[in-house]
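Numbering (this note's numbering), first residue to last: 22 to 127. The beta-carbon is built from N, C-alpha and C at its ideal position, and this holds for glycine as well. Keep in mind that this is a model prediction, so the values were computed, not measured.
Structural data, given as structure tokens:
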């Protein structure tokens, strides 16, 4: 299975990376509506600079979270490309990052 194609269920075909991120964005928007209605989520094309200086920068998709009235409460998030991650780990990861970021800017 390549990086560009991620199966979500046996009966579904693999999702492209863009489709997977759109699905994750929809799920993230639903989560954020429950805890902070002022956070907007979009899929963005970002350049990642690894902390490891031996690794090159790379471009990828990520979710971008932005607070509509507090520009300090903004972050990006790469996600694991697996249906299992979206169904079982994603919600907790989004909430934890939100809580961590919010406490940093308060």
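Between residue 82 and residue 42, the C-beta gap is smaller than 7 Å, which places the two residues in contact. Within its own chain, the residues whose Cβ lies closer than 6 Å to the Cβ of residue 100, once the five positions on either side in sequence are excluded, are 45, listed in chain order.
Annotation: residue 94 to residue 75 spans about 30 Å, alpha carbon to alpha carbon.
Looking at the DSSP output, residue 84 bridges to 64 and 98.
DSSP, read as helix, strand or coil, puts residue 103 in coil.
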